[in-house]
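Below is one structure, written out as structure tokens, with a few remarks after it.
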Amino acid sequence: MIHWLLVALGGAVGAMGRYWVSGVLNNAENKLPLGTLTVNVLGSFLMGVCFVLVLERAKLSPEMRPLLMTGFMGAFTTFSTFSLEAVALIQEGHIMSALIYISLSLLLCLAALYVGLALTRLI
């Protein structure tokens, strides 16, 4: 039961964080959805950090996994919104913006996860 509550708590905080970042960074003038890109890249980096601290080194208690990795990161990052925004760009005729957004999302998220893993392993 406690794991369910930890997931819910992490999810609430993650969702509020994503809502705030998207509100600050997204605007109608910019064709790229920078809010979603930012939370996904930051979330990927943090997932790498949490993976090392929780699973590899056990520096954080096992309860941190459902709180941080499932709850917070699951609500903070968003593949569904990324997909919707990419398709919307294509449907609006902004093909180049969509390709840039898709490419940046994939490359930066993978790189951020790798950097999160690598930096945390150095500490």
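The sequence shown: position 10 = 17 (the numbering used here), numbered continuously.
The beta carbon of each residue, even a glycine, is placed where N, CA and C say it ideally should be.
Quantities reported herein were computed from a predicted structural model and do not represent experimental measurements.
Select from Leu113, Val56, Leu74 the residue whose C-alpha is nearest the C-alpha of Leu12. Leu74
Give the straight-line distance between the Cα atoms of Phe105 and Ala119, rounded to the nearest whole angstrom. The residue you asked about is not Phe; residue 105 is Ala in the sequence shown. So the alpha carbons of these two residues sit roughly 21 angstroms apart.
Kindly indicate the opening and closing residues of the alpha helix (DSSP H) around Gly42. 41 to 57
Between which two residues does the alpha helix (DSSP H) containing His10 stretch? 9 to 32
Member of Leu96, Cys57, Pro40 whose CA lies at the smallest distance from the CA of Gly78: Cys57
Taking a contact to mean a Cβ-Cβ separation below 8 angstroms, would you say Leu41 touches Thr127 in this structure? no
For Ser112, the three-state DSSP class (helix, strand or coil): helix
Go through the segment 54 to 130 residue by residue and report every complete run of the alpha helix (DSSP H) that reaches 4 residues or more, in order. 80 to 83, 86 to 98, 102 to 129
Inter-residue spacing [alpha-carbon to alpha-carbon] between Tyr108 and Leu91: 12 angstroms
Residue from Leu44, Ala22, Met76 whose Cα sits closest to the Cα of Leu32: Leu44
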